[in-house]
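**Q**
Residue numbers (my numbering): -15 to 227.
Right, dumping it as C-alpha cells:
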C-alpha cells in the first residue's frame, strides 16, 4: 500500500517563474506590483507583516467593474438595467473570476501562508478571485486603462456571451428585484414554509412584492426554494410592470 494514501493534499509552494504567468496574462506588470498582487494576507502574516494584495484588490475590483459595465452598456443598447445587472455579475463575481485565475495559472503563483497551503488555499475561489482583482489593479497601475481593458475583455468575453444567452435565468432573484425596482415596488421578500425531518427538509418559498404573492417554488434548501419562487414570479411581475 502506498504510504501517501489517506494523507491530506498539501498545495505546493508558489512558482517563481512569473514570466510564464505574464505570458498567459498577455501584458507586462511592474515587478514590485506583481509581487504585491500575489501576496495573500496569510503569507504576509507569517513573514513579518509585509504589505498584502488587499489594496490592489480594491483598485482592481473598481477597474474590472468599469471595464465590464462600459462594455455591456455599449454592446447591448437595447437591454434594460434589469437585463444588464446579471450579465455583469456573470463576469465580475467570485466564480467566473476564480475560473479565469485557474485558466491563466494564477493559482500556482499566489504567495500563501502555511495555514492556507495545508487547507488547499490554491483551490479556494475567494483567494483566486481576490488575487485576480489584485492583478488587474497592478496591471492598471503599470500600463493604464486601455491596455488593461484589452486583457479583461479577452478573458471575460466568454462569460458575458454565455450570460446573454441565459437571460434572466442567470440569476432569477437579481432579475426579479430589478423588475421590482423598475416599477418602484420596493424589495422582493420571501416567505418560507419548511416540512419534513431534519435530514430531509423540504422548503416552499413565495415571492412577495408590494404585499402581493407573485409566485411560489420548492427546493431542498431555502436558497433553492427562493430561486424557484423568483423564477415562477418573474414573468407575471414583469408583465405587470411593463403594462
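Glycine is no exception: its CB is placed at the ideal position from the N, C-alpha and C atoms. Fair warning: this is a prediction, and the values are worked out from it, not measured in the lab.
1) What residues in its chain sit with their C-beta under 8 Å from that of residue 207, if we drop five residues either side in the sequence?
2) Once DSSP output is grouped into helix, strand and coil, what is the label at residue 186?
3) Measuring straight from C-alpha to C-alpha, what distance separates residue 34 and residue 52?
4) Cutting at 6 Å between CB atoms, please list the residues of its own chain near residue 23, excluding the five before and the five after it.
5) Quick one, which of 12, 105, 66, 165 has its alpha-carbon nearest residue 82's?
6) If we require 4 or more residues per run, which alpha helix (DSSP H) segments fall completely within the region 121 to 168?
7) Would you kindly check if the distance between the Cβ of residue 172 and the Cβ of residue 222 is under 8 Å?
8) Suppose only complete runs of 4+ residues qualify. What are the alpha helix (DSSP H) ranges in the region 69 to 102, listed by chain order?
9) Could you pull the start and end residues of the beta strand (DSSP E) that residue 0 belongs to?
10) For residue 204, name the three-state secondary structure that DSSP assigns.
11) For the pair the region 209 to 224 and the region 178 to 189, tell me if three or more CB-CB distances fall below 8 Å.
12) Which residues bound the alpha helix (DSSP H) around residue 28?
**A** This is what the structure holds:
1) none
2) strand
3) 32 Å
4) The residues are 36, 37, 95.
5) The shortest C-alpha separation from residue 82 is found at 105.
6) 129 to 150, 156 to 166
7) no
8) Within the region 69 to 102, the complete alpha helix (DSSP H) runs of at least 4 residues are 78 to 87, 98 to 101.
9) That residue, residue 0, is in no beta strand (DSSP E); it is neither H nor E in DSSP.
10) DSSP, read as helix, strand or coil, puts residue 204 in coil.
11) yes
12) 25 to 30
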